[in-house]
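Asker:
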Amino acid sequence: MNLNQMRFIDAVARLRHFGRAAKACHVSQPTLSIGIRKLEDELGVILFERSKTDVRLTDAGQEVITLARQIVDASSRIKELGKSRRDPLLGPLRLGVINTIGPYLLPKLIPAMREKTPQMPLRIEEDYTDVLIEHLKQGSLDLLIIARECSEPGLAVLPLYEEPFLITVPEDHHWADRDQINGTELSEESLLLLRRGHCLRDQVLALCPECLQTHSDPTHLTSVLESSSLETIRHMVMAGSGITVLPSTVTEQQSPAQGSLKYIPFAPPAPHRTVSLVWRHSFYRMPAIESLASVIRSIELPSVRLLQEEATIGSSRR
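Below is the structure:
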């Protein structure tokens, strides 16, 4: 049993064709077929159902391929580890980003990183904060960009910037001409929120807990509508389905079709969220983190307040 055999069965499982799999592995088809047959003989099981038109994994093959892919991935990571030990800015950086930041930061961040550190490509994963933190702790991600406090043992946090929340209403809404709004007033409206699991949902409800409570008048129930996408919510606001609260970076990327929306600040003290980098204390590529933090702080985000004076990489590790 060897690593090449793991690569062979991975390629056949993905491409479902021995010829294409051999080409992807840069070997002849007989070499690939013999390698897989030897593995099947060694294991004493058949990994693939073969026909003239298709190749499918057997039940045993399904179990083996899961482990084989872990082996292939671990092998790649070992090679990357060797490269990055020689040069911390060489090799991929696995970055987790929450869904309410990714679409608005990554289009600016990725080109800027390619220009500054072309030898260190970003591998992006978008998900809920809790999922990303778990992946970071497990080692499948190198660092995160999140917008929530994180006090997990073994993790370091570097605050990057603060961005205010803005109340978003249609241009014909009775609040459209207001200069500012108190958070408690949100309970008077149909509020559009992200679904459970999004930290932004929790942050908005913290501004107005009454939005999920029944009023003393039993006929008056606060209306809360939920969606899984900020862009869906923004279009629902345009259609008059309610109002919402958005981070300021979301409102900066407004298309002409969304010109019918009005963004209104909260009354002081204006609420905001803090966007931070998070990584394991044991992560050794500190120059890579410093490079990413530097690029993020250099990106034009007009509505945010940078925290570079208050926080440094060194202080975040204490």
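Okay, so the sequence shown: first residue is 1 according to UniProt numbering, each after it adds one.
Quick reminder that beta carbons are idealized off the backbone N, C-alpha and C, glycines included.
If I follow the unbroken beta strand (DSSP E) through S276, where does it start and stop?
Answerer: Counting from 1 along the sequence shown, the entry for residue 276 is found at position 276. From DSSP, the beta strand (DSSP E) with S276 extends over H272 to R280.
Asker: Assuming S260 and E188 are in contact, meaning their beta carbons sit under 8 Å apart, how far apart are those beta carbons, in whole angstroms?
Answerer: Counted from its first residue, the sequence shown places residue 260 at position 260. Counted from its first residue, the sequence shown places residue 188 at position 188. Separation of the CB atoms of S260 and E188 is rounded to 21 Å, and the pair is thereby denied contact status at 8 Å.
Asker: Going straight from the alpha carbon of E80 to that of A22, what length do you get?
Answerer: Position 80 of the sequence shown, counting from 1, holds the residue named residue 80. Position 22 of the sequence shown, counting from 1, holds the residue named residue 22. Rounded to whole angstroms, E80 to A22 spans 24 Å at the Cα level.
Asker: Give me the Cα-Cα distance between G61 and L47, rounded to the nearest whole angstrom.
Answerer: One-based indexing of the sequence shown puts residue 61 at position 61. One-based indexing of the sequence shown puts residue 47 at position 47. G61 and L47: Cα-Cα distance of roughly 4 Å.
Asker: Near C150, what residues of its chain come up, given a Cβ to Cβ distance below 6 Å and the 5 sequence neighbours on each side ignored?
Answerer: Here residue 150 is taken as the residue at index 150 of the sequence shown, counted from 1. Counting only Cβ-Cβ distances below 6 Å, and skipping sequence neighbours, we find V157 and V278.
Asker: Is V245 closer than 8 Å to V304 when the C-beta atoms are compared?
Answerer: What you label residue 304 is simply residue 304 of the sequence shown in a count that begins at 1. What you label residue 245 is simply residue 245 of the sequence shown in a count that begins at 1. Not in contact: V304 and V245 (Cβ atoms no closer than 8 Å).
Asker: Run through the DSSP bridge pairs and tell me what A156 is partnered with.
Answerer: Working through the sequence shown from its first residue, we reach residue 156 at position 156. According to the DSSP secondary-structure assignment, A156 is paired through a beta bridge with W279.
Asker: Counting C-beta neighbours from all protein chains within 10 Å, is the total for T214 16 or more, i.e. buried, or is it exposed?
Answerer: The sequence position of residue 214 within the sequence shown is 214, counting from 1. The predicted position of T214 is uncertain, since its pLDDT is 40 and thus under 50; no value can be drawn from it.
Asker: In chain order, what residues of the same chain lie with their CB nearer than 6 Å to the CB of R94, ignoring the 5 residues before and after it?
Answerer: Your numbering for residue 94 matches position 94 in the sequence shown. Only R123, L141 and D142 meet the Cβ criterion.
Asker: Compare the C-alpha of Y104 against each of P247, Y284 and A288 and name the closest.
Answerer: To locate residue 104, count along the sequence shown from 1; it is residue 104. Selected option, being the one with the closest Cα: P247.
Asker: Given this structure, state the Cα-to-Cα distance separating I101 from I146, to the nearest angstrom.
Answerer: What you label residue 101 is simply residue 101 of the sequence shown in a count that begins at 1. What you label residue 146 is simply residue 146 of the sequence shown in a count that begins at 1. Cα to Cα, I101 sits roughly 8 Å from I146.
Asker: Given T274, which residues of its chain have a CB within under 7 Å of its CB, disregarding the five upstream and five downstream residues?
Answerer: Start at 1 with the first residue of the sequence shown, and residue 274 comes out as number 274. Only A147, P159 and E162 meet the Cβ criterion.
Asker: When DSSP labels each residue in this structure, what does Y128 get in the three-state scheme?
Answerer: As a first step, residue 128 is located in the sequence shown; it is residue number 128 there, counting from the start. Three-state DSSP puts Y128 in coil, outside helix and strand.
Asker: Could you tell me the boundaries of the beta strand (DSSP E) in which E49 lies?
Answerer: Taking the first residue of the sequence shown as position 1, residue 49 is located at position 49. Boundaries of the beta strand (DSSP E) harbouring E49: F48 to R50, taken from the DSSP string.
Asker: Locate the beta strand (DSSP E) running through Y284, then write down its first and last residues.
Answerer: Mapped onto the sequence shown, residue 284 falls at position 284. No beta strand (DSSP E) contains Y284, which DSSP labels as neither H nor E.
Asker: When we look at the beta-carbon of E115 and count the other beta-carbons within 10 Å, is it buried (16 or more) or exposed?
Answerer: Residue mapping note: residue 115 aligns to position 115 of the sequence shown, counting from 1. Exposed, by the Cβ-count rule.
Asker: Since I believe C211 is in contact with L192 (beta carbons under 8 Å), could you give me their beta-carbon distance rounded to a whole number of angstroms?
Answerer: Position 192 of the sequence shown holds residue 192. Position 211 of the sequence shown holds residue 211. Not quite, the Cβ-Cβ distance comes to about 11 Å (not below 8 Å), so this is no contact.
Asker: With 16 as the cutoff for other CB atoms within 10 Å, does H220 come out buried or exposed?
Answerer: By one-based count along the sequence shown, residue 220 stands at place 220. Caution is warranted here: a pLDDT of 39 is assigned to H220, below 50, making its placement in the model unreliable, and the coordinate value is therefore given only provisionally. When all chains shown are included, H220 counts as exposed.
Asker: Measure the Cβ-Cβ separation of S227 and M236 and say whether it is below 8 Å.
Answerer: What you label residue 227 is simply residue 227 of the sequence shown in a count that begins at 1. What you label residue 236 is simply residue 236 of the sequence shown in a count that begins at 1. Yes, they are a contact pair.
Asker: Indicate the three-state DSSP secondary structure (helix, strand or coil) for L301 in the structure shown.
Answerer: By one-based count along the sequence shown, residue 301 stands at place 301. For L301, the three-state secondary structure derived from DSSP is coil.
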